[in-house]
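**Q** In the working numbering, each number is its position in the sequence shown, counted from 1, plus 134.
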Amino acid sequence: MKKIGLFGGTFNPIHRGHLRVAKQVKQGFGLDQVILIPAALPPHKMPGGVVAAENRLQMILLAIEDTAGLGVSDVELKRTGLSYTIDTVQHFKNTLAGNAQIFLIMGLDAVLEIDSWKSYDKLLEKIAFIIVNRPLGGHSDNTGWKRLEKYLISRISPDYTFHAFQSCYRRPGCQPIHVCQIDALDVSSTRIREMIKKDRPIDRLVPPKVAQYIISKGLYS
Ligand code: ATP
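1) Give every residue whose Cβ lies closer than 6 Å to any heavy atom of ligand 1, listed in chain order.
2) In whole angstroms, what is the alpha-carbon distance linking Gly-139 and Thr-229?
3) Hey, quick one: how far does the beta strand (DSSP E) through Val-344 stretch, first residue to last?
4) Near Ile-287, which residues of its chain fall below 7 Å by C-beta distance, leaving aside the five closest residues on each side in sequence?
5) Quick check on DSSP: helix, strand or coil for Gln-118?
6) Which value, in whole angstroms, describes the spacing of the CA atoms of Leu-319 and Val-155?
7) Between Lys-136 and Asn-267, which are expected to be in contact by the criterion C-beta below 8 Å, what is the C-beta distance as a whole number of angstroms?
8) With contact counted as at least three CB pairs below 8 Å, one residue from each stretch, are the stretch 337-352 and the stretch 291-309 in contact?
9) For Val-168, which residues from the same chain have a beta carbon less than 6 Å from its beta carbon, with the 5 sequence-adjacent residues on both sides left out?
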């Protein structure tokens, strides 16, 4: 059975930190493919600085075109209204019809807000999560994982227990939440947008073709 990772985000713009996540999770979990899924309108973010969906999609295509095993889906862009992960997961469950094992990939910062997501409990029942570390305001990774444990137990359910052998949290009736330690890069789309505004080079933070695209379209300036 195929193993597929779903990796959603605003990708405004996609950066090397995202690509690092996709590649290392793919390798670490032996996934056949990681599908990047840009959100139509980010429910958790101010829509102010978000560039058009077609620009964000195009930048993802440019960023992944030379990497085997990475793909992109416009399923959220085609849906009207806000994008909700629960709908996206249901879409992939329907289209893959039980022929693939699917995982939802996200950074530590994102999962620490999961209780604000629509139908988050259903999401935890339906799909296994893979959480990657992300530098959080200068805290060490270990602090991040401790925060995750505290959050899961206090905000989601006291039934979560850690299974060290599989490196995951389990709770009866729910899919596992795997933790995946990667060589995370301290980069965010916010920082990239700020650097562009200040006319500073972003070549080290995004793939060259993405940098060229941003410049040619005059995005974020
Ligand atoms: P912004 O700065 O605009 O909030 P972002 O850099 O956080 O954007 P998103 O597109 O919102 O990027 O993130 C999509 C997903 O990728 C989230 O699950 C987020 O946690 C994860 N992610 C983004 N950057 C990194 C990184 N450098 N390391 C690990 N995970 C990351």
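The C-beta atom is built at its ideal place from N, Cα and C for all residues, glycine as well.
Please read these numbers as outputs of a predicted model, since none were measured by experiment.
**A** From the atom records:
1) Gly-143, Thr-144, Phe-145, Asn-146, Gly-151, His-152, Val-155, Met-240, Gly-241, Asp-243, Ala-244, Val-266, Arg-268, Ala-318, Leu-319, Val-321, Ser-322, Ser-323, Thr-324
2) Start at 1 with the first residue of the sequence shown, and residue 139 comes out as number 5. Start at 1 with the first residue of the sequence shown, and residue 229 comes out as number 95. Looking at the two C-alpha atoms, the distance is approximately 14 Å.
3) For the purposes of this step, residue 344 is taken as the residue at position 210 of the sequence shown. Counting along the chain, Val-344 falls outside any beta strand (DSSP E), though it belongs to the alpha helix (DSSP H) covering 342-351.
4) The residue you call residue 287 lines up with position 153 of the sequence shown. Non-local beta-carbon contacts of Ile-287 in its own chain, meaning distances under 7 Å to residues more than five positions away in sequence, involve Tyr-294 in chain order.
5) Past the boundaries of the shown model lies residue 118; the chain is included only from 135 to 355, so the question cannot be answered.
6) Within the sequence shown, the letter at position 185 stands for residue 319. Within the sequence shown, the letter at position 21 stands for residue 155. About 9 Å.
7) Locating residue 136 in the sequence shown gives position 2, counting from the first residue. Locating residue 267 in the sequence shown gives position 133, counting from the first residue. At roughly 26 Å, the Cβ-Cβ gap does not stay under 8 Å, so Lys-136 and Asn-267 are not in contact.
8) no
9) Within the sequence shown, the letter at position 34 stands for residue 168. Excluding residues within five positions, the ones whose Cβ falls inside 6 Å are Gly-139, Phe-141, Ala-156, Lys-160, Leu-204.
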